[in-house]
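Here's the structure, in C-alpha cells; my notes come after.
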Amino acid sequence: DTAVSQTPKYLVTQMGNDKSIKCEQNLGHDTMYWYKQDSKKFLKIMFSYNNKELIINETVPNRFSPKSPDKAHLNLHINSLELGDSAVYFCASSLGLGETQYFGPGTRLLVL
Amino acid sequence: SQQGEEDPQALSIQEGENATMNCSYKTSINNLQWYRQNSGRGLVHLILIRSNEREKHSGRLRVTLDTSKKSSSLLITASRAADTASYFCATVHSGNTPLVFGKGTRLSVIA
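In order, the protein sequences belong to chains Z and D. Each residue of the first sequence is one higher than the one before, starting from 1 at the first, in the numbering used here. Each residue of the second sequence is one higher than the one before, starting from 113 at the first, in the numbering used here.
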C-alpha cells in the first residue's frame, strides 16, 4: 500500500488551462504539504495544512488553490496555467509540523 | 535566508568508498533532516537529528551535527551503486517552522 499517493503522475497541458492534482495519505498524519521542485532540483514549499486548516501559504500566485476535504487528502488546483508552472509537484505528510515528512512520487507537470 | 546549503554540489566516487556530504545553515534549528531522492522519484527520509544530539547512525549512514558551527554531515560508508541519488538536508527552525530544503548533493557511485 502506498503511504502517500498522487494523481496524475504526468500532466501535459496547454497554457491557460485549469488543472488539478490530487494527493492522499493513509498514514493517519495531521499535516500535509505541497512542494514545487524546479528544473534545478530546488524544492520549495507552497502550502501546508494541519487538520484541514491552512497553516502555511508561501508566496505563491493565487492561481494556485489548495483544498483539503478531509485530513487524508490535500488537492491542488491551478488556474490559467503558465509556462513557468512546469515543474514536479510533490505532496508530503507528517505527524506534525517540523517532523519527518513522507513524500508522494510526484506529479510532472509540463505546460506547453 | 534560512535555507541550508549542501556541499559539494556533486560527488562521484567508486563503489566501496565512503561518501561525505556537508550541510550548513544560518539560524538556530530544532532539528535537521537528511533525505534521499532517486532520479524521477519522491524524497525518502533518512535520518532526523535534533539540536541536542551530536551524532546518529542508521545502517551505513552516520549523521553528525555541530550547532556551534551550524553544520551537519552525512557519511555513507562502503557505498554501493544503488546509493546513487541526490541527498538533501532540511532544517526546522525555532517555532517548528516547516522544513527548509537545501539544493542537494548529487552523488554518483560508480561500480
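All C-beta atoms in this analysis are idealised placements derived from N, C-alpha and C, irrespective of residue type, glycine included.
{"Asked": "Check whether the Cβ atoms of A87/Z and Q101/Z sit closer than 7 Å, and answer yes or no.", "Found": "no"}
{"Asked": "For K215/D, decide whether its Cβ has a neighbour in chain Z, counting only Cβ atoms nearer than 7 Å.", "Found": "yes"}
{"Asked": "Please report how far the alpha carbon of V60/Z lies from the alpha carbon of G128/D, in whole angstroms.", "Found": "44 Å"}
{"Asked": "Check whether the Cβ of I21/Z lies closer than 7 Å to any Cβ atom in chain D.", "Found": "no"}
{"Asked": "If you measure between the beta carbons of S170/D and N134/D, is that distance less than 7 Å?", "Found": "no"}
{"Asked": "Classify D30/Z as helix, strand or coil using the three-state DSSP reduction.", "Found": "coil"}
{"Asked": "What are the start and end residues of the beta strand (DSSP E) that includes S94/Z?", "Found": "87-94"}
{"Asked": "Exposed or buried, which one is I55/Z when buried takes at least 16 other CB atoms within 10 Å?", "Found": "exposed"}
{"Asked": "Secondary structure at A72/Z, three-state DSSP: helix, strand or coil?", "Found": "coil"}
{"Asked": "Rounded to whole angstroms, what's the CA-CA distance from I78/Z to T13/Z? Just pull it up for me.", "Found": "12 Å"}
{"Asked": "Return helix, strand or coil for A197/D, following the three-state DSSP convention.", "Found": "strand"}
{"Asked": "Using a Cβ-Cβ cut-off of 8 Å (strictly less than) and excluding sequence neighbours within five positions of I45/Z, which residues of its own chain qualify?", "Found": "Y33, W34, Y35, I56, E58"}
{"Asked": "At a Cβ threshold of 7 Å, is G28/Z touching chain D?", "Found": "no"}
{"Asked": "Express the C-alpha separation of T176/D and A223/D in angstroms, rounding to a whole number.", "Found": "27 Å"}
{"Asked": "How would you list, in chain order, the residues of chain D whose beta-carbon sits under 9 Å from the beta-carbon of P105/Z?", "Found": "G152, R153, G154"}
{"Asked": "Need the endpoints of the beta strand (DSSP E) that Y147/D sits in, please.", "Found": "141-149"}
{"Asked": "Buried or exposed for A131/D, please, with buried defined as at least 16 other CB atoms from any protein chain shown within 10 angstroms of its CB.", "Found": "buried"}
{"Asked": "So, T217/D versus Y199/D, is the Cβ gap smaller than 7 Å?", "Found": "yes"}
{"Asked": "Taking N134/D as part of the beta strand (DSSP E), name the residues at either end of that continuous run.", "Found": "131-136"}
{"Asked": "Is the distance from the Cβ of A202/D to the Cβ of Q121/D below 7 Å?", "Found": "no"}
{"Asked": "Which one of L74/Z, T107/Z, M15/Z has the shortest CA to CA distance from R153/D?", "Found": "T107/Z"}
{"Asked": "Please state if the CB of N142/D and the CB of V212/D are separated by a distance shorter than 7 Å.", "Found": "no"}
{"Asked": "Does any residue of chain D bring its CB to less than 7 Å from the CB of L43/Z?", "Found": "yes"}
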